[in-house]
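Each number in the numbering used here comes from the position in the sequence shown (counting from 1) with 868 added on.
Quick reminder that beta carbons are idealized off the backbone N, C-alpha and C, glycines included.
No experiment lies behind these values; they were computed from the predicted model shown.
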Amino acid sequence: MTQNDSEATPVRVTLAKCPICGEPVEPRYRPFCSRRCADVDLGRWMTGTYRVETEETGDPDEKE
């Protein structure tokens with residue numbers, strides 16, 4: 869081992885933050901910090917606040 873090997877460069881560890889409130893993530897509720905924030909996110913998906921855009925133009929099962 870050389871002298872340079874013993875002087876290891878510190879590794880920067882970034883803690884994940886909750887996308888709803890910015891608090892540190894709790895492993896049990898990952899990627900959120902709490903059940904509350906997970907429920908807030910689910911509610912946003914269910915009410916249409918979040919949506920995935922597509923190029924579909926109507927229901928393919930409907931007859932024209």
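Beta-bridge analysis with DSSP links Pro892 to Lys885. Residue range Arg903 to Thr915 is occupied by the alpha helix (DSSP H) that includes Val908. The residues Phe900, Cys905, Val908 and Asp909, in chain order, have a CB closer than 7 Å to that of Ile888 in the same chain once the five nearest residues on each side in sequence are set aside.
For Tyr897, the three-state secondary structure derived from DSSP is helix.
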